[in-house]
Every structure is written in C-alpha cells, then in structure tokens.
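**Q** Got a structure for you, questions after.
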Amino acid sequence: PTVELRQRKKPKSSENKESAKEEKINDTPVPERAPKHILFQRFAKIFIGCLAAVTSGMMYALYLSAYHERKFWFSNRQELEREITFQGDSAIYYSYYKDMLKAPSFERGVYELMHNNKTVSLKTINAVQQMSLYPELMASVLYQATGSNEIIEPVYFYIGIVFGLQGIYVIALFVTSWLMSGTWLAGMLTVAWFIINRVDTTRIEHSIPLRENWALPYFACQVAALTGYLKSNLNSYGERFCYLLMSASTYTFMMVWEYSHYLLFLQAISLFLLDSFSLEQSDKVHEVYKIYIFSLFLGYLLQFENSALLVSPLLSLVVALMLAKCLQLNVKKGTFVAKIMKVINFYLVCTLTVTLNIIMKMFVPHKENGHMLKFLEVKFGLNMTKNFTMNWLLCQESLQAPSQDFFLRLTQSSLLPFYILVLTICFLSMIQVIFRRINDKSLKETVTLEDGRIGERPEIIYHVIHTILLGSLAMIIEGLKYLWTPYVCMLAAFGVCSPELWMTLFKWLRLRTVHPVLLALILSMAVPTIIGLSLWKEFFPRLMTELMELQEFYDPDTVELMTWIKRQAPVAAVFAGSPQLMGVIKLCTGWMVTSLPFYSDDDLLKRNENIYQIYSKRSAEDIYKILTSYKASYLIIEDAICNEVGTTRGCRVKDLLDIANGHVVCGEGDKLTYSKHGRFCHEVKINYSPYVNYFTRVYWNRSYFVYKINTVISFQS
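For the sequence shown, the UniProt record's numbering begins at 1 and goes up steadily by one.
Next comes the structure, spelled out in structure tokens:
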C-alpha cells in the first residue's frame, strides 16, 4: 500500500509542476498593459532621436555648402576660376570626373581611364586602380542616370555628393554615441563638438575630393553598425540589420580608399583584444572576421586583382585568428590550463600573423611601398637619408607630431578634458573586469545601472581599445588626427551623457550622502546641458560670423596662365613643373604633363624628384636632358618656389634639393661640394648662354615663367 501511495503521489507532483507551469504561463501576459505604454515611449524616443540625427546631418551638409560658397564666391565665378580652387591631387580626381562625363558612354569612359595615356607623358596607367577613382565613376553614373545634367552643373553635383556624405558621417557618429549612452542627447553633443573642432576632425574645407572625405563616412557607418552588433541586449532583427549594414559599409569603405585595410587592421586588433577579454561575444567577433575576408577577396577581384589586399596585414591577422580558433582545445573555463591556453593562443595569433604575411609577400607578386617603410625608419630615427622625397615628406606638417595648438583647441572647446575623464573611467573599469575574469570571479549576465560596471559592456571595451590605438598613432603623425578626433567627440559625449559611467565613478568613491543612482541620472542630464549651453554661447556666434563673412579666392596669375595655355600651346604639348601645378593644368586645360601630385607610386615619385631639379644648382644641359627624357615641350618656373622664404629653414624645396645633391652639409662627416652652376630657376631668367640655347621664354607674369624647350639647339652666344 505504501508503494501504491508513493506511486500515486508522483503523478500529483508532476501534475503540480504542470499546473505551476500553466499558472506561470497564465501569469506572464498580465503585464501586457504596461508594454503598450512603454512601446509608445520607446517609439517617441526613437522617432525624436532619428529626427535629431537626420536634422543634424542635413544642417551640417548645408553649412558646408554655404561656407564653401562664401569662401570661394563659387556661384559668381566662371568655370575656369572654379576649377582652379581644386588644388594638387584634388584637381586630378575632378579632372577624371569631367572625362567620364565627356565620354560617349560609361563603358567607353571606364576603358579610357583603365588605359589612360593622355595624362602622364610616356606612361600608360590604369587610373581607376592606381588612383582609386571609384567615387568618380559612381558620381558620373548618378549624374547622368538621374538626369541631373538638365538641373545642376557637374561641379555642384560633385561637391554636393561629398557634402552629403559628410552629413552621413555626422549622422553615423550621432547614432554611435546614442547607442552607447542610450540617449540622443549624446548624439547632439557629438555633432556640436565635431563641428566646433572641424579644423581637427575633417579636411573637407581644404580639399573636397580627397579619398578620405569619400571613405570615412562609410567607416563611421561601419563603426555604428558594429557598436549595435556588439550590444548584448540586441534582438535578432536588430542584429541582422547591423550585420548587413556592417557588411555593405565595410566593402564600400575598402573599395573607395586604398589605405582602408590599414584602418580595418587596427579595428581587427581591437576586436581580437575584445575577444580575449570578453568571452560572451566570441561568436560575433568571428562573424566580423568573416566580413573582413569576404570584403578583401571581393575587393581583390573587383580592383583588378589588387595584390596589396592579399599582402595586407589585415588578411594575415584574420586568417591567423581563424586558424587559432580551429586549434583551440575545449578546456573548462576558469581553470589554470584555460589561462595558459589563452596566453598560448595570443602568442600563436601574433606569430601566425607575421609568418603568413611574410609568406604572402614571398609568393604574391606585388609592388612593395618601399618609400613608406623608409619614411617610417627615418621618422623614428632608425635611419638617416639625404633623399629628396623622404626629407620632403618629413617636412610636411601633416606628417609631423601634433603641435601644441592642436591640444589647445581641443581644450578650449572642453572636448579634451572630458575625453580624458571618460577614457580613464572606462579604461579602469575595463581593467577591473579583466582582473575579475583572471581571478575567476563570477560576472552578472545582465549589468544594471546600480552595479556601476561600465567596463563589462563589450561595445565599450571595443571603443576604448580602438580610440587608444588611433590616439597613439595621432600622437606620432598629425595627419592621423582626422581619424582619431571624430571618435574623441563621440566617446566624450557618450561618457558625460551616460548614467552608467557616473555610477561607476560613484561606486569607486563610495558615495553615501546622496543616492548614487539619482545623482548619476541628474548629472547625465545636467552636465551635457551645461556643456551645450556654454558651447552655444561661445562658438555659435563664430560659426554665424564665418557664414556671413564673404571671402574671395583671387588668383589672377594662375587664371592668366591657364588661359594662355588653352589659346597658345599646341594640343600635343607636354608641360613640366611642380606636381601641384601639373594637377591644375591637367584639370583646366586637359594638356599632358610629366608628373602628378601622387606619392604612392614609385615611378611618379622619381619623376617628381627629377622635375624638381629645375630649382636646384644644376647646369642647363643637365636640366635639358632630364626634361627631354620625359618628352617635355614646355617648362613652367614658379616664382613662389624659386624665391621661397619659408618659416622652417631646411624644409624649402631648394634646400632639400641642395642636401640631396650634396651642395650643403647635411650631417657630421659630410663634405661640402660647391656647385659650379647657379640655381637654375634664377639663371634661366637672365637670358644668357647657355640657358638661351636650350630654353626660350614664351610667357611670364608675376608668378609664372613659361619656357619652350628647344628641339634644335643653337650655341650662339
């Protein structure tokens, strides 16, 4: 009987469990009335935030357009004067956009750019591949496909696309800060800091068609999508959307900018370290690695089998990470063996990355950027050189260490102090989490505001590591500040608007007089509001003054030179001069030139150095031989270079040429070699033999002297 009773009790217990489950199921729908209220609040919050983000992007794009118009008085100028505003490599990019619009068809235009022999003398180049002209191809297609040729001029359409992309750039930074902080107020503060510090956040004002101005908006979209993708509380639909957006923006970014894979390499390092510190996001991180591999190989195929992508450190690192994951053993987490395996895995990834990169460079034919390696050696004091190109690059302001003015500007706008505060709190919290993992302390699955552990969020760990890597590079080379400073704006704005960050600080301070959660919520609203009001009071009048002030770009000498070339020079003429001026000549006249302002091709670098000899202490015969070797028919001397004063002695073009040619003492142990000849650019103006035998002056104004290179040499004095 007892057995029967026990057998009868068992079904009762199972029935009780089932009934308990049914009660739970029946109990769960009870709070369904609240979600309607909450859903409406969420919808209103998202709607207002999206409206603020789009409005910020549109206002910034309109601001850039208005500022550009005021700066150059663009709408009141003729086409030639407008084109002169494009300087250096920007002129080349826009000239190819014009060529695409003049082509009878898109296919014909692409073919002519791929087999271009009308730009550089004695050289046929694939301009699409060598100069990354995919933005110009897209712009020309959009201009003709949308029928914009009947509505807007080509130049306005071109710069309008770039300004629009800058608006998207701002929106992406807005969204990233919003995703991290949970409030769109952080996005507004990000945009405010970005615009106020635009001298250090973007180069759009100096050169519109730069590749980075086309590419960085896509990278910002990729970072925004990655931030959302790494969040722990993301639903499946949001995760899928972020993954697709991240895939599309990564590939587009890689297609638009030739140096994109280096920036993605830094991002991959950040994700690798995140994977090492945060075990929960390992699968997501490896999905991002797959995006890298897909984008690299697709880019390799569509960029005319660009071998630079195959030998890039990004591919070597991602393949090493994939192999390391396959070799990982299933060891119980938290044990001593697991910790040793982590160290071994880290060492294995580093070793495999270097080994794979060396192997790829051995078997994949590629053009090694030797000048970049030499530049880095000289930059870090590992080598000395007299080479003109290397020393000229070292003298460029963008390749030197940041000046004190840079940090002063960031401090005056209150950006740098708050960035240091936010970065310090997030970094220390991240270190705290890492030590907890090392000591096998249990971590909460869901971190609440009361916990004050902002360093446990994977997207925060990623951004902290990424901004430290970018900041380290920006401290070495000032030009890289344009990659770092926008994310400084984003991270600082996120921090001051995040209650979780303030709560983390209060947990460390053990604040007891006031309820820490309440104080954190108050500060997350009060601090950004005070910052915003102070920025509005101090900087908004300056922005309005810039828009109201009518500037004028006045360069009549260059206009006269271009007009003379178009009217007097033969169609088959080839011009020689400084690379920057050659870019403008190619754009404004379409005539062939001997060199271009591009510094990623060894042949063009050598041409530039040889043509610059017109400002050195070389004989007329030497200069004549150099110019005729490139089939040049006209030589242009710029008075600004020939008589350059310069603020930094030793960085003038003529000084660098004298060092390279051994006409001045460069270092200890060097012997001074006196030149028997005067400086060519001075001597040729005097019109005496032997200079008049080789060169005949045909045009001059206050800034330029044009000489025809004689084909028949007369040695009569």
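Using N, Cα and C, we set each Cβ at its ideal position, and we do this for glycine too.
(1) Does residue 108 come out as helix, strand or coil in the three-state DSSP assignment?
(2) If you measure between the beta carbons of residue 291 and residue 341, is that distance less than 9 Å?
(3) Hey, how far is the Cα of residue 107 from the Cα of residue 132?
(4) When the Cα atoms are used, what is the spatial distance from residue 390 to residue 618?
(5) Should residue 174 and residue 191 be called a contact, given that it needs their Cβ atoms to be closer than 9 Å?
(6) Going by CA-CA distance only, name the one from 137, 416, 90, 181 that's closest to residue 103.
(7) Here's the rule: buried if 16 or more other CB atoms are within 10 angstroms of the residue's CB, otherwise exposed. What is residue 151?
(8) Taking its Cβ as the centre, do 16 or more other Cβ atoms sit within 10 Å of residue 295, making it buried, or is it exposed?
(9) DSSP state of residue 166, grouped into three classes?
(10) Straight-line CA distance for residue 41 to residue 48?
(11) Is the Cβ-Cβ distance between residue 229 and residue 288 less than 9 Å?
(12) Tell me residue 708's beta-bridge partners as DSSP assigns them.
(13) Straight-line CA distance for residue 184 to residue 467?
(14) Quick check: the stretch 500 to 515 against the stretch 528 to 541, are there 3 or more CB pairs under 8 Å?
(15) Could you spell out where the alpha helix (DSSP H) holding residue 192 opens and where it closes?
(16) Quick one: what does DSSP say residue 120 is sitting in, helix, strand or coil?
(17) Mind checking which residues open and close the beta strand (DSSP E) that includes residue 576?
(18) I'd like the list of long-range same chain contacts for residue 374, defined as Cβ closer than 8 Å, with 5 residues on each side in sequence excluded.
(19) On the CB-based measure, 16 or more other CB atoms within 10 Å of its CB, does residue 267 come out buried or exposed?
(20) Identify, in the order they occur along the chain, each residue of the same chain with its Cβ nearer than 8 Å to the Cβ of residue 140, setting aside the five sequence neighbours on each side.
(21) Just list the residues that DSSP pairs residue 322 with in beta bridges.
(22) Please classify residue 709 as buried or exposed, where buried requires at least 16 other C-beta atoms within 10 Å of its C-beta.
(23) With DSSP collapsed to three states, give me the class of residue 653.
(24) Which residues does DSSP pair with residue 354 in a beta bridge?
(25) Give the secondary structure of residue 384 by DSSP, where H, G and I count as helix, E and B as strand, and everything else as coil.
(26) Considering only the alpha carbon of each residue, which of 248, 323, 58 lies closest to residue 298?
(27) Using a Cβ-Cβ cutoff of less than 7 Å, which residues in the same chain neighbour residue 273 once the five nearest sequence positions on both sides are dropped?
(28) Pull up the distance between the alpha-carbon of residue 474 and that of residue 693, whole angstroms please.
(29) Who pairs with residue 592 in a beta bridge, going by DSSP?
(30) Would you call the stretch 600 to 619 and the stretch 672 to 686 touching, i.e. three or more CB-CB distances under 8 Å?
(31) Below 7 Å CB to CB, which residues in the same chain sit around residue 70 once its five sequence neighbours on both sides are set aside?
(32) Is residue 545 near the ligand PLP, with its Cβ less than 8 Å from a heavy atom?
(33) What is the rounded straight-line gap between the Cα of residue 542 and the Cα of residue 479?
(34) If you drop the 5 nearest sequence neighbours on each side, which residues of the same chain put their C-beta closer than 8 Å to that of residue 400?
(35) Taking the C-alpha atoms as reference points, what is the distance between residue 250 and residue 154?
(36) Whole angstroms is fine: what's the gap from residue 356's alpha carbon to residue 597's?
**A** This is what the structure holds:
(1) helix
(2) Cβ atoms of residue 291 and residue 341: not closer than 9 Å.
(3) 17 Å
(4) 21 Å
(5) Yes; because the gap between Cβ atoms is below 9 Å, this pair is in contact.
(6) 137
(7) Classification for residue 151: exposed.
(8) When all chains shown are included, residue 295 counts as buried.
(9) helix
(10) 11 Å
(11) yes
(12) 634, 696
(13) Taking the straight line joining both Cα atoms gives about 21 Å.
(14) no
(15) 184 to 196
(16) The answer is strand: DSSP assigns residue 120 an E or B state.
(17) First-last of the beta strand (DSSP E) with residue 576: 574 to 576.
(18) 383, 385, 387, 390
(19) buried
(20) 97, 100, 101, 106, 109
(21) Residue 322 is not bridged to any residue.
(22) By the Cβ-count criterion, residue 709 is buried, with 16 or more other Cβ atoms from all chains shown falling within 10 Å of its own Cβ.
(23) For residue 653, the secondary structure class from DSSP, reduced to helix, strand or coil, is helix.
(24) Partner(s): none; residue 354 has no beta bridge.
(25) coil
(26) 248
(27) The residues are 465.
(28) Computed Cα separation, rounded: 51 Å.
(29) 574
(30) With three or more CB-CB distances shorter than 8 Å, the stretch 600 to 619 counts as touching the stretch 672 to 686.
(31) 547, 549, 550, 551
(32) Absence of the ligand PLP from the depicted structure is noted, as is the absence of any ligand whatsoever, leaving it without description.
(33) Their backbone Cα atoms lie some 25 Å apart in a straight line.
(34) Excluding sequence positions up to five before and after residue 400, its CB lies within less than 8 Å of the CB of 394, 477, 478, all in the same chain and listed in chain order.
(35) Each residue's Cα considered, the two are about 28 Å apart.
(36) 34 Å
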